[in-house]
Amino acid sequence: MARGVGFSGRESPARVFSPQYRWWVVLMLWGMCFFNYADRQAVFSVFPLLQREFHLGLIELGLLGSAFAWIYGLGAPLAGLIVDRIRRKSAILTGLHLWSAICIATGFSRTFRQLLLLRAAEGLGETIYYPAATSMIGDYHSRGTRSRALGILVTGVYAGTVAGGYFAGLIGQAHGWRWSFIVFGSSGILLGLALQKFLREPARGLGAGSWTNVAAPGSTQAALPVSQTLRLILGSKRALLLMGAFVCANFVAVVLLSWMPSFLFERFHLDLAAAGLSATIFAQLGSLLGALGGGWWADVLIKSTPRGRLIVQIIGVLGGAPFVALCGNSFSLGLVALWLFCWGFFKGLYDANIFASAFDVVAPEARGSVAGMMNCVGWLGGGGVAPVVIGMLAQRFGLGTAIGAASGIYLLAAVLLLICMAGTSRSSDLSPTAHGEKA
482 MARGVGFSGR ESPARVFSPQ YRWWVVLMLW GMCFFNYADR QAVFSVFPLL QREFHLGLIE
542 LGLLGSAFAW IYGLGAPLAG LIVDRIRRKS AILTGLHLWS AICIATGFSR TFRQLLLLRA
602 AEGLGETIYY PAATSMIGDY HSRGTRSRAL GILVTGVYAG TVAGGYFAGL IGQAHGWRWS
662 FIVFGSSGIL LGLALQKFLR EPARGLGAGS WTNVAAPGST QAALPVSQTL RLILGSKRAL
722 LLMGAFVCAN FVAVVLLSWM PSFLFERFHL DLAAAGLSAT IFAQLGSLLG ALGGGWWADV
782 LIKSTPRGRL IVQIIGVLGG APFVALCGNS FSLGLVALWL FCWGFFKGLY DANIFASAFD
842 VVAPEARGSV AGMMNCVGWL GGGGVAPVVI GMLAQRFGLG TAIGAASGIY LLAAVLLLIC
902 MAGTSRSSDL SPTAHGEKA
């Protein structure tokens, strides 16, 4: 007999879960998202320690950021296709344990080559999480709550980034950089073990209608052929435009997240912990408010116009652009903190709707795949390029000027989103009943 679950983790004869459980799912995935980003952010706060121990230049430090992004991006399309064909619970928990183990191993690196290889391998471990998590939330939440749910999930990105930035610096200056990776990796493994019995797999396409059923344990569901999945995504002009905008937005985000700790360390002579905290907490607090507000706002707008999520995203990138320029060209620590907060707020408006917008233009059976492809182009074209490009520009023009110049990339994102919005029907393409979904 098919079984279901409440948050207690106990199996019940009925194949149902409580209405509140879909929000508990978001909370559980939030915790995993926290460690996903804390682990990847930790390295940036200990750049000065790594530079001293391994005698690294700015380009080599940039490679540590880019190596993760390259492997993360290259593995994302395959990860998305896998997510659409296996139980997402298994994918999420396996990925969590894998990247946490690699994070621990990073702390035992003895050469720059080992550090670089393990940093790249962590990207491979983390690449399956976001396609699986967003796909699962897409099934637990209909179009009327999807931006809010994904907006809450993305706050785990901000909290994890702050924690990774601050605690890695704090642990690093007190006990050495190696313990930063050991502590974060061990904590992720413990979380995965704790949540094993609580997370449940939803049936595919639940967000299209009733969300009261979970997939029967051990059940399998038919997936679209790979060729059809690819045609659905690559044949959609709007999906391609959304990917292009994500490349631009991710480029800017990675610039600030990877180089701001070093910028504050050099320009304002902060210690590692203070630089790591200041580089992340103001931007991430702003992003948290922006994501929660942007998710709510988009869910309201989508009820009256299919362009609702795009409107919020365009405001996000246009509003954030001037503050990126101000961040790199300010000589007051207080003003940099203010500009980071303002940039973060507008970034949050955009972030809350990244995958919700994509799910509006693809069928539920391809949600994992489109999330994987977006991560691929976003991290290869954005994150994989940004740290090295800024490192090269910084050697010639200075780090502050290089960071400020990234603001122009946001303007390109806005153009792509405007084109996407122009190609979106006012009433039909993304109506509340698209793909059979209810608002």
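So the mapping is simple: this note's numbering equals the position in the sequence shown, first residue as 1, plus 481. We put the CB at the ideal spot given by N, CA and C, even for glycine.
If you measure from the beta carbon of residue i to each beta carbon in chain C, is any gap under 8 Å?
i	result
Ile567	No chain C is part of this structure, which consists of one protein chain only.
Return the first residue and the last residue of the alpha helix (DSSP H) that residue i is part of.
i	result
Gly881	880 to 886
Glu603	593 to 607
Val564	539 to 564
Phe744	718 to 748
Asn828	The sequence given here places Lys at residue 828; Asn does not occur at that position. Lys828 -> alpha helix (DSSP H) spans 814 to 832.
Glu846	No alpha helix (DSSP H) holds Glu846; DSSP gives it neither H nor E.
Val793	789 to 809
Trp504	502 to 526
Thr642	627 to 656
Thr710	707 to 715
Leu574	569 to 587
Beta-carbon within less than 7 Å of residue i's beta-carbon, same chain only, minus the 5 sequence neighbours each way: which residues are those?
i	result
Ala802	Ser888, Tyr891, Leu892
Cys901	Arg719, Leu722, Leu723, Leu791
Ser480	Outside the modelled stretch of the chain, which goes from 482 to 920, sits residue 480, for which no answer is possible.
Val507	Ile618, Ala630, Ile633, Leu634
Gly904	Lys718, Arg719
Take residue i and list the residues in its own chain whose beta-carbon comes closer than 8 Å to its own, dropping the five residues that flank it on each side.
i	result
Ser739	Phe525, Gly543, Gly546, Ala867, Pro868, Ile871
Leu819	Phe763
Let me confirm a value: residue i is counted as buried when at least 16 other C-beta atoms fall within 10 Å, else exposed. Which label applies?
i	result
Val707	exposed
Ala875	buried
Ala613	buried
His622	buried
Leu574	buried
Ser571	exposed
Arg624	buried
Val695	Here the model assigns Val695 a pLDDT of 47, short of 50, so the residue's position is not dependable, and the following value carries that caveat. By the 10 Å Cβ count, Val695 comes out buried.
Leu816	exposed
Arg712	exposed
Gln975	Residue 975 is absent from the model: the chain starts at 482 and stops at 920.
Gly716	exposed
For residue i, which residues from the same chain have a beta carbon less than 6 Å from its beta carbon, with the 5 sequence-adjacent residues on both sides left out?
i	result
Thr587	Leu599, Phe662
Ser759	Leu745
Leu686	Reading off the sequence shown, one finds Gly at residue 686, where the question assumed Leu. The answer, listed in chain order, is Pro845.
Phe941	Since the displayed the chain opens at 482 and closes at 920, residue 941 lies outside it and no answer follows.
Phe804	Trp820, Cys823, Trp824
Gly512	Leu672
Considering only their Cβ atoms, is the gap separating residue j from residue i smaller than 8 Å?
i	j	result
Arg569	Glu747	no
Tyr639	Ser768	yes
Thr592	Ala772	no
Gly885	Cys808	yes
Val460	Trp658	No statement about residue 460 is possible, as the shown extent of the chain runs from 482 to 920 and does not include it.
Asp752	Gln654	yes
Gly853	Ala602	no
Arg641	Gln522	Looking at the sequence provided, one finds Gly at residue 641 rather than Arg. Result yes, Cβ atoms of Gly641 and Gln522 sit closer than 8 Å.
Ser925	Ile652	No answer is possible for residue 925: it lies beyond the span of the chain, which begins at 482 and ends at 920.
Gly879	Phe732	no
Gly646	Pro742	yes
Leu674	Met509	no
Gly789	Ala833	no
Trp860	Gly554	yes
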